[in-house]
Each structure stands twice: as C-alpha cells, then as structure tokens.
Amino acid sequence: MMNRGVISKGGLVVVVGPSGAGKDSVMAAARTLLGPRDDIVFLQRTITRPADAGGEAHHAVCADTFRQMREAGDFAVSWHAHGLDYGVPKQALCDIAAGRTVIVNGSRHAIDDFRGAFGIIHGVLITATPDILARRLAARGRESEAEISARLARRPREQQSMGPGFTLIDNSGPIESAAQRFAGLIEDIASGFNRMASGSAAGGDL
6 MMNRGVISKG GLVVVVGPSG AGKDSVMAAA RTLLGPRDDI VFLQRTITRP ADAGGEAHHA
66 VCADTFRQMR EAGDFAVSWH AHGLDYGVPK QALCDIAAGR TVIVNGSRHA IDDFRGAFGI
126 IHGVLITATP DILARRLAAR GRESEAEISA RLARRPREQQ SMGPGFTLID NSGPIESAAQ
186 RFAGLIEDIA SGFNRMASGS AAGGDL
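Residues 6 to 211 (the numbering used here) make up the sequence shown, in order.
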C-alpha cells in the first residue's frame with residue numbers, strides 16, 4: 006500500500022482539518038492566488054465518490070476499481086473514511102523526485118502512512134474556533150446537535166495524535182485571510198525546495 010523511503014528533492018504538503026474548517030475552500034482559493042506553476046502541484050485524489058458529488062475535483066472510481074488499483078500498487082497512500090476510499094496516486098512520488106512541491110488533501114488518521122511513504126512531510130492543519138465549527142456544521146444540517154458536540158469534543162485528542170511539525174491556519178474569519186497565509190506558506194516551501202534543487206544542480210554543498 007505504501008512506498009517507504011525519504012525523497013531527496015521536492016516535498017509533500019499534507020493538508021488536514023476538521024469538518025467545518027473550510028479546508029477545500031481555502032485550498033481552492035490559495036490555488037487561484039498562486040496561479041499556474043510548474044513547480045507546484047495540487048494533486049487530485051482518487052475517491053469512491055461520484056464526480057458530480059461536489060467538493061474537490063477528484064478521480065472518481067467505484068469500490069471494485071479502487072480495490073484493484075490498491076492491490077496493483079497504484080497508490081502511494083490510501084485510507085478509508087466516512088464510507089469512502091481515498092487514494093493518493095503514485096504520481097506524487099514522481100513529482101517530488103522531480104523537485105516539485107505537491108499539495109494533497111489528506112487525513113489526520115493517515116499521517117503515519119504519509120510519513121512512511123514520503124519520509125519528511127509538511128503538515129498543515131486548517132481549523133477554526135469551536136463556535137465557528139459548530140455553526141458551520143449546524144448549517145449543513147447533516148448531524149444533530151449532540152453529534153456535533155461529540156465531534157468537537159474529539160478534536161483535541163485527534164490533533165495530538167498527528168504529532169509535531171504541523172502549521173496551523175485559522176479559518177475562523179474571511180477565507181481570503183486563510184488563503185493568503187496558506188499560499189504564502191506554499192510559496193516559502195516551494196522556494197526552499199527550488200533553492201535546494203538549484204544548489205544541487207550547481208554542485209553546491211547543501
């Protein structure tokens with residue numbers, strides 16, 4: 006299911022966040038701010054969800070096809086959550102080996118798998134204050150008040166389980182603020198990797 010080993014060039018940015026944090030919206034807005042870049046890749050996941058289901062753009066497959074792809078080793082990382090299967094294509098490994106910065110919509114429960122497959126990762130936690138999360142979840146109308154309270158009560162424990170090395174981005178306010186901070190972070194990471202690649206190509210001792 007995973008390819009182990011530390012990648013010497015490029016890097017992986019794994020974005021996670023609780024329901025209601027607006028993770029997809031922040032990523033989409035940041036992608037627009039960054040514009041087309043050869044050195045930055047927003048990777049599409051393979052998901053057992055219809056293509057027209059809304060949310061992030063993804064490669065939609067049925068459960069049987071997903072299982073076949075996983076057994077064939079087509080994914081660098083895969084996991085199951087909320088009744089759906091998610092897969093990160095092996096293309097991410099190729100992009101990183103080529104010195105690109107790859108951004109992927111991840112899962113808090115798969116962080117160890119990402120570290121095992123890619124070595125060092127840059128983790129980004131997009132979140133919001135409990136009252137904002139509760140308000141957004143209530144507006145969706147998918148869960149009862151008790152279910153929302155239970156979900157929010159799990160947040161501290163789930164965040165602790167992710168381990169160190171995560172940058173927190175608060176999306177409690179205007180989405181433009183969170184998107185600008187996320188885009189700036191990606192710029193910094195990509196610039197660092199670009200300097201490493203340039204120095205390596207020039208024979209620098211890095």
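Built from N, CA and C at the ideal position, the CB exists for glycine as well.
When you compare only the Cα positions, how much space is there between residue i and residue j?
i: R160; j: P23; result: 8 Å
i: G104; j: A155; result: 42 Å
i: V107; j: A151; result: 37 Å
i: E192; j: A77; result: 34 Å
i: T126; j: G197; result: Looking at the sequence provided, one finds Ile at residue 126 rather than Thr. C-alpha separation (whole angstroms): 14 Å.
i: Q73; j: A62; result: 22 Å
i: L157; j: T134; result: 10 Å
i: G121; j: R145; result: 35 Å
CB residue i to CB residue j, shorter than 7 Å?
i: I116; j: N176; result: no
i: D118; j: V46; result: no
i: G25; j: R141; result: yes
i: Y91; j: I52; result: yes
i: V93; j: V82; result: yes
i: A35; j: A184; result: yes
i: L48; j: V109; result: yes
According to DSSP, simplified to helix, strand and coil, what is residue i?
i: I125; result: coil
i: D43; result: coil
i: L17; result: strand
i: L130; result: strand
i: S173; result: Rather than Ser, the amino acid found at residue 173 in this sequence is Leu. L173 falls in the strand class under three-state DSSP.
Could you tell me which uninterrupted alpha helix (DSSP H) segments, each at least 4 residues in length, are contained entirely in the stretch 50-102, listed from first to last along the chain? 68-76, 96-102
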